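Report on the following structure.
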């Protein structure tokens, strides 16, 4: 990856996912359907997500940053040259960004600060993009 090249259509992407929902591979109707079902179920039960399993080290991942509040790892199916997922270790009842309350401000701030730290580590001083999906149709727009 050329660090000082001008932005491209795909650009550098740093994905911050507070809702613990996974992103499906682009263009895969089966994956999108399965993701939609998983997103709908997230609010209905407390079944551990893939992200919960990554935090507990039950699923291997390439961790690029970790502190007591967040874990950041490379996406196994990157959609950009730099595609990192940042996961809150404790959700404080927050399953979707659209359900955030004032009490979640610190959690959300921790995720954004971690994005800044990771961007510096990755050499993205010229800029980066943060993407947050919310809900079963969040990744469609």
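In the UniProt record's numbering, the protein residues as written are 1 to 141.
Beta carbons are placed, not taken as given, at the ideal position from N, Cα and C, and that holds for glycine.
Source: prediction; values computed, not measured.
Requested in this report: Would you decide whether residue 28 is buried or exposed? Buried here means 16 or more other CB atoms lie within 10 Å of its CB.
Outcome: With a pLDDT of 43 at residue 28, under the threshold of 50, the predicted position of this residue should be treated as unreliable, and no value is reported.
**Report entry** Alpha-carbon spacing of residue 67 relative to residue 102, whole angstroms
**Finding:** 23 angstroms
Requested in this report: Would you tell me roughly how many angstroms separate the C-alpha atoms of residue 89 and residue 54, rounded to the nearest one?
Outcome: Answer to the nearest angstrom: the Cα atoms are 10 angstroms apart.
**Report entry** Three-way DSSP call (helix, strand, coil) for residue 65 in this model
**Finding:** strand
Query raised in the report: If residue 100 sits next to residue 70, beta carbons under 8 angstroms apart, how far is it from one beta carbon to the other, in whole angstroms?
Result: So it is not a contact: roughly 16 angstroms between Cβ atoms.
Query raised in the report: Helix, strand or coil: how does DSSP classify residue 115 here?
Result: Taken through DSSP and simplified to helix, strand or coil, residue 115 comes out as helix.
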